[in-house]
Amino acid sequence: MQKKIFRSICFTVLASMIFFVVTVLCIAYKFYLDEAETELKTIVALITKADYSDEEIVEILESSVDYDIRYTRVDKDGNVLFDNNYDASRLDNHIDRQEISEALNNGKGASTRRSTTAGTVNYYVAVSDGESVIRLSRDVRGMLSLFLGVVPVVICIAGIVMIVATLVSMKLSESAIRPIQKLVTNLDVLNEEQQYDVEYEELEPIVEAMKRLSARLSKYISRLKTEKETITLITENMVEGMIILDEKRDILSVNKSAISYLNPKFELNTQANILQLTRNANLTEAIDKTDEKDFANGIIATAEHQLRFFVNKIDVNGVKGYMILLIDATESLRAEEIRKDFSANVSHELKTPLTTIKGFGEMLENGIITAPEDIKKYGGTIYRESERLLQLINDIIRLSEIEEMSADDSVTNVNLLKTANDVCEILQPKADSHGISLFVSGERFDISANQSYISELMLNLVDNSIKYNNPGGHVWIEIKKKGNNAVIKVKDDGIGISEKHQKRIFERFYRVDKSRSKQTGGTGLGLSIVKHIASYHHGSVNLESSSGEGTTVTVTIPIAQVGMI
Amino acid sequence: MRSNFDAQLKELNLDMLKMAGEVENIINMSMRAFLKGEHDVARETIEYDYQINEIERQIERRCLKLLLQQQPVATDLRRISSALKMITDMERIGDQAADIAQLSLRFENGMVPQKLNHIVSMASETSKMVTDAINAYVSSDTSLAEKVITDDDRVDELFNEVKDDLIEFIRNNIEVGEQAIDLLMVAKYFERIGDHAVNIAEWVVFSITGVHKNSKIM
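In the order they appear, the protein sequences are chains A and B. So the first sequence is residues 1 to 565, counted in the numbering used here. So the second sequence is residues 1001 to 1218, counted in the numbering used here.
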């Protein structure tokens, strides 16, 4: 703007200067020409009146004017009588010269034309005195060149004026622009409350408009900021991973969870491609697939996680991209696996006794078994198998009850030592039949727990110790207090469990020796129930055993149940 | 001009990542084919190798075009030339994975003796090396690349152990000689894959530092 003002000032000054100088020069030249003409006319008029000889006239003329002047006298017939520049006798007849013929006819004449004699453009003035014509002439170019001598001076002055004008216009334009510059520098801090003085009143509406604009803008920006913060807060803190990609699969946004799931070392810099985050083939394929059907999902297995992912193709107003959601499905996939195993196991476990029952039942129906002792024998088998089936179903119900925590969850004061004694009482007949001795020892104290669960726990442990024992073996039950925990220790000197089975012993339906369990009538759910009851009470189960030497199961349960009662 | 070049370099990088992903994929597939004896997967693996060859040619063309048209210098030149070398190694890994799959077609389901623990750890070790080498490339991580180079010693060691295992295996059952030879070849292929991973890692180091195998070549 300053440049433009400066340029326009300069242009105006220059143009007016040129116009002025040219006009003045033209007018001055015209004056000068007129003056020269008048001078010649006056001289001619004076000469005709005076009574000097030609030589005298020439002498006077040459001494009084500082330019070349030609003096010619011509008679009535046009013959040149005298000329100060040329030899009169050599010159031709001058009757056809415009000014001379005019003078012969009217008494006087004037003309500007190219001289036939000298070859230059001359101004002629001629006056007739009756018998001869006196003519004076002067070179026009001489007049011009004389005049042009003034021009350099004029240009010099014009130049000086230009320089001064330039400097002044620079200053002027600067000072004209200063208030606007000041406004620009203050634009950032412009707000509605603050009074702002503008030097130009024409700028006031602009300042007002700007104030309104900046107020609106800052409001808008702060709203956007809040929105963005909210969204960032949500995406950054959600457990699910979220990735947004553009059309070229460059990452536009990725949250913390997604990075920690896929590639903890990844650092988002500008223009990172999804391939830099993860090269998982399932995901890449799924993204490819969305090009056809807008939605795809699948599972990514990383070292630590099983992730379920969903890819959505986004196409909003021509902006294309992909949105990927990652959900940690480690637990649920494992639970699904366990459920699958469980149902497979449970149906198998249920099928075995039922097949036996069905087979013997069929034989009885068809009258294949007729001997009374056989009927008794097979009837007994059917009875035992039904018993086992019932036991199995009970265990399963029990287990799912504990799992669901929906069963009788009343928590009372339970005396562990008393419970242990009760359990031993129940199992004493069984122990006697196996030739096992039961011993109970320990401290007498109460814990808050579910009585029936705790009985169940001990029943299962002691039952196991009796079942998997050698005739004449021992089972020791010890109740102890250890810090804030109650410790139930069931120890036997039975057959023990070899190391490779120990890891899996708590799994449902897992049995160390399948053939043996048939005899002992176990369901394979005992220890699973123990584990569930312990974890229901926020406790833990520990198993130590070596093959042939016996097994020790230690259950640790907090004395006071936090968050219960 | 430069921005166009940058865009092309970026495309090259993406293609490299894509190829890397496919190579990781084919190793996992061949491992599954071999260790679990899934013949369908084995056939799929052999098929998949063509895809890798195709992408190798594509990257090769891109690299040559870049070298010809842009005449890159310094870092850019290193990146493009190391890419050219790396894709050769990646392609070889693909071939070897396909070879393993081919061999595993000859094993009956589950016939890979469970006792050969060493060959199993070789498989997982080499697959990890390849992944690490590619990760080093992705994140320009020289220390990870160096780790891959040293990891190869472990694979070589495992190869010798596998060899000893197999000698023992043949000694005990003379009739399984043919199978043992096949297994030895599988082990050798894994060992070669490890070597290619080392090559890739070395080129990663070169593309970052300009030093290849401890000698400054550019």
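A virtual CB, placed ideally from N, CA and C, is assigned to each residue, including glycine.
Put simply, the backbone Cα of residue 1127 (chain B) is about 12 Å away from that of residue 1090 (chain B). Excluding its 5 nearest sequence neighbours in each direction, residue 345 (chain A) has C-beta neighbours in its own chain below 7 Å: 508 and 509, listed in chain order.
Against chain A, the CB of residue 1025 (chain B) has a partner CB under 8 Å away; the residue lies at that interface. DSSP lists A:241 and A:309 as the beta-bridge partner residues of residue 326 (chain A). The shortest C-alpha to C-alpha distance from residue 128 (chain A) to any of A:100, A:503 and A:546 is the one to A:100. Closer than 8 Å to the CB of residue 1021 (chain B) there is at least one CB belonging to chain A.
When DSSP states are grouped into helix, strand and coil, residue 1106 (chain B) belongs to the coil group. Residue 1139 (chain B) belongs to the set of residues whose beta carbon lies under 8 Å from a beta carbon in chain A. For residue 427 (chain A), the nearest beta carbon of chain B is not closer than 8 Å to its own beta carbon. Put simply, the stretch 468-484 of chain A touches the stretch 420-437 of chain A. At least three CB pairs are less than 8 Å apart. Residues of chain B with a Cβ closer than 9 Å to the Cβ of residue 273 (chain A) are, in chain order, 1010, 1013, 1014 and 1017. Distances from the CA of residue 275 (chain A) to each of A:284, A:268 and A:546 were compared; the closest alpha carbon is that of A:284. The shortest C-alpha to C-alpha distance from residue 1204 (chain B) to any of B:1056, B:1120, B:1087 and B:1093 is the one to B:1087.
Secondary-structure assignment with DSSP links residue 446 (chain A) through a beta bridge to A:415. Shown here for residue 1092 (chain B): same chain residues with a beta carbon closer than 7 Å to its own, the five before and five after excluded, namely 1196 in chain order. Against residue 265 (chain A), the close residues of chain B are 1139, in the order they occur along the chain (beta-carbon pairs closer than 7 Å). Think of a sphere of 7 Å around the beta carbon of residue 281 (chain A): the chain B residues whose beta carbon falls inside it are 1021 and 1025, in chain order. When C-beta atoms of the stretch 1158-1174 of chain B are compared with those of the stretch 1049-1056 of chain B, fewer than three pairs fall below 8 Å, so the two segments do not count as touching.
Residue 276 (chain A) belongs to the set of residues whose beta carbon lies under 8 Å from a beta carbon in chain B. Under the 8 Å criterion on CB atoms, residue 23 (chain A) is classed as non-interfacial with respect to chain B. Residue 554 (chain A): not part of any alpha helix (DSSP H); member of the beta strand (DSSP E) spanning 550-558, first to last residue. Pairwise C-beta distances place the stretch 547-560 of chain A out of contact with the stretch 1098-1109 of chain B, as fewer than three of them are shorter than 8 Å. In the DSSP assignment, residue 122 (chain A) forms a beta bridge with A:113 and A:139. Contact of residue 290 (chain A) with chain B is not assigned, every C-beta pair being separated by 8 Å or more. Residue-level contact by beta carbon fails for residue 302 (chain A) and chain B, as no gap is shorter than 8 Å. Just measuring C-alpha positions, the residue of A:370, A:359, A:247 and A:334 sitting nearest residue 316 (chain A) is A:247. For the options A:250, A:362, A:391 and A:156, the alpha carbon positioned closest to that of residue 322 (chain A) is the one of A:250. When the Cα atoms are used, residue 177 (chain A) and residue 164 (chain A) turn out to be separated by approximately 20 Å. Against residue 284 (chain A), the close residues of chain B are 1021, in the order they occur along the chain (beta-carbon pairs closer than 7 Å). Residue 270 (chain A) sits in coil when the DSSP states are folded into three classes, being neither helix nor strand. In this structure, the alpha-carbon of residue 61 (chain A) lies about 25 Å from that of residue 28 (chain A).
If you draw a straight line from the Cα of residue 425 (chain A) to the Cα of residue 1120 (chain B), it is about 54 Å long. Under DSSP, residue 476 (chain A) shares a beta bridge with A:439 and A:491.
In this structure the stretch 211-231 of chain A does not touch the stretch 287-301 of chain A; the number of beta carbon pairs closer than 8 Å is below three. At a Cβ-Cβ threshold of 8 Å, residue 57 (chain A) and residue 78 (chain A) do not count as neighbours.
Classified as exposed, residue 348 (chain A) has fewer than 16 neighbouring CB atoms from the shown chains inside 10 Å of its CB.
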